[in-house]
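Below is one structure, written out as C-alpha coordinates; comments come after it.
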Amino acid sequence: MKNKLHLLIFLLALFISCDKECNCDSVVYESNSENNYIPTETDRASSNYCETDTMSSAYLDSEGSIVYVSTIIECQ
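Using the numbering used here, read the sequence shown as starting at 207 and increasing by one per residue.
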(Lines of atoms letter the chains of each structure in order from A and count residues from 1; the text may use other names and numbers.)
(Lines give C-alpha, C1' and ligand atoms only; values in the text may rest on other atoms or scores of the structure.)
Protein backbone atom coordinates (compact mmCIF):
# COMPACT_ATOMS: atom_id res chain seq x y z
CA MET A 1 0.00 0.00 0.00
CA LYS A 2 2.82 2.38 0.93
CA ASN A 3 4.61 1.70 -2.36
CA LYS A 4 1.46 2.48 -4.34
CA LEU A 5 1.08 5.77 -2.48
CA HIS A 6 4.70 6.69 -3.23
CA LEU A 7 4.21 5.80 -6.89
CA LEU A 8 1.03 7.89 -7.05
CA ILE A 9 2.79 10.89 -5.47
CA PHE A 10 5.73 10.49 -7.88
CA LEU A 11 3.47 10.35 -10.94
CA LEU A 12 1.44 13.31 -9.74
CA ALA A 13 4.62 15.36 -9.17
CA LEU A 14 5.91 14.36 -12.60
CA PHE A 15 2.62 15.38 -14.25
CA ILE A 16 2.55 18.76 -12.48
CA SER A 17 6.20 19.53 -13.24
CA CYS A 18 5.92 18.91 -16.99
CA ASP A 19 5.89 22.07 -19.10
CA LYS A 20 2.83 22.68 -21.18
CA GLU A 21 3.51 22.28 -24.90
CA CYS A 22 2.10 25.04 -27.07
CA ASN A 23 2.63 26.70 -30.41
CA CYS A 24 2.26 30.43 -29.69
CA ASP A 25 3.84 33.63 -31.03
CA SER A 26 4.07 37.10 -29.56
CA VAL A 27 3.10 39.42 -32.41
CA VAL A 28 3.47 43.21 -32.34
CA TYR A 29 1.17 45.34 -34.51
CA GLU A 30 1.54 49.10 -35.01
CA SER A 31 -0.87 51.52 -36.61
CA ASN A 32 -0.13 55.18 -37.30
CA SER A 33 -0.77 57.96 -39.78
CA GLU A 34 1.85 56.55 -42.19
CA ASN A 35 -0.11 53.29 -42.64
CA ASN A 36 -3.55 54.94 -42.43
CA TYR A 37 -4.06 53.44 -38.95
CA ILE A 38 -4.22 49.93 -40.38
CA PRO A 39 -2.55 47.53 -37.92
CA THR A 40 0.69 46.31 -39.49
CA GLU A 41 2.79 43.46 -38.08
CA THR A 42 6.19 44.80 -37.01
CA ASP A 43 7.62 41.90 -34.98
CA ARG A 44 6.95 38.20 -34.35
CA ALA A 45 8.70 35.91 -31.88
CA SER A 46 8.04 32.53 -30.33
CA SER A 47 6.35 32.73 -26.93
CA ASN A 48 6.34 30.37 -23.95
CA TYR A 49 3.07 31.93 -22.80
CA CYS A 50 0.40 29.41 -23.82
CA GLU A 51 -2.80 31.46 -23.74
CA THR A 52 -4.20 33.99 -26.18
CA ASP A 53 -3.77 37.48 -24.71
CA THR A 54 -3.59 41.11 -25.85
CA MET A 55 -1.78 44.15 -24.49
CA SER A 56 -2.38 47.54 -26.14
CA SER A 57 -0.82 50.97 -25.73
CA ALA A 58 -0.35 54.25 -27.55
CA TYR A 59 2.36 56.90 -27.70
CA LEU A 60 3.32 60.06 -29.58
CA ASP A 61 6.12 59.70 -32.11
CA SER A 62 8.82 62.35 -32.70
CA GLU A 63 6.48 64.25 -35.04
CA GLY A 64 3.66 64.35 -32.50
CA SER A 65 1.50 61.77 -34.28
CA ILE A 66 -0.20 59.08 -32.23
CA VAL A 67 0.99 55.49 -32.70
CA TYR A 68 -1.09 52.55 -31.50
CA VAL A 69 0.75 49.38 -30.52
CA SER A 70 -0.78 45.98 -29.73
CA THR A 71 1.11 42.89 -28.64
CA ILE A 72 -0.98 39.78 -29.17
CA ILE A 73 -0.17 36.23 -28.12
CA GLU A 74 -1.44 34.14 -31.04
CA CYS A 75 -1.73 30.37 -30.57
CA GLN A 76 -2.40 27.71 -33.15
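Cβ atoms here follow ideal geometry from the backbone N, Cα and C, with glycine treated the same way. Here the structure is a predicted model, which is why all the values come from computation and not from measurement.
Residue nearest to residue 276 within the set 258, 228, 254 is 258 (criterion: CA-CA distance).
Buried is the label assigned to residue 238, since at least 16 other Cβ atoms lie within 10 Å of its Cβ.
Secondary structure of residue 268 (DSSP, three-state): coil. In the structure shown, the three-state DSSP call for residue 227 is coil. Residue 231 and residue 262 have their C-alpha atoms roughly 16 Å apart.
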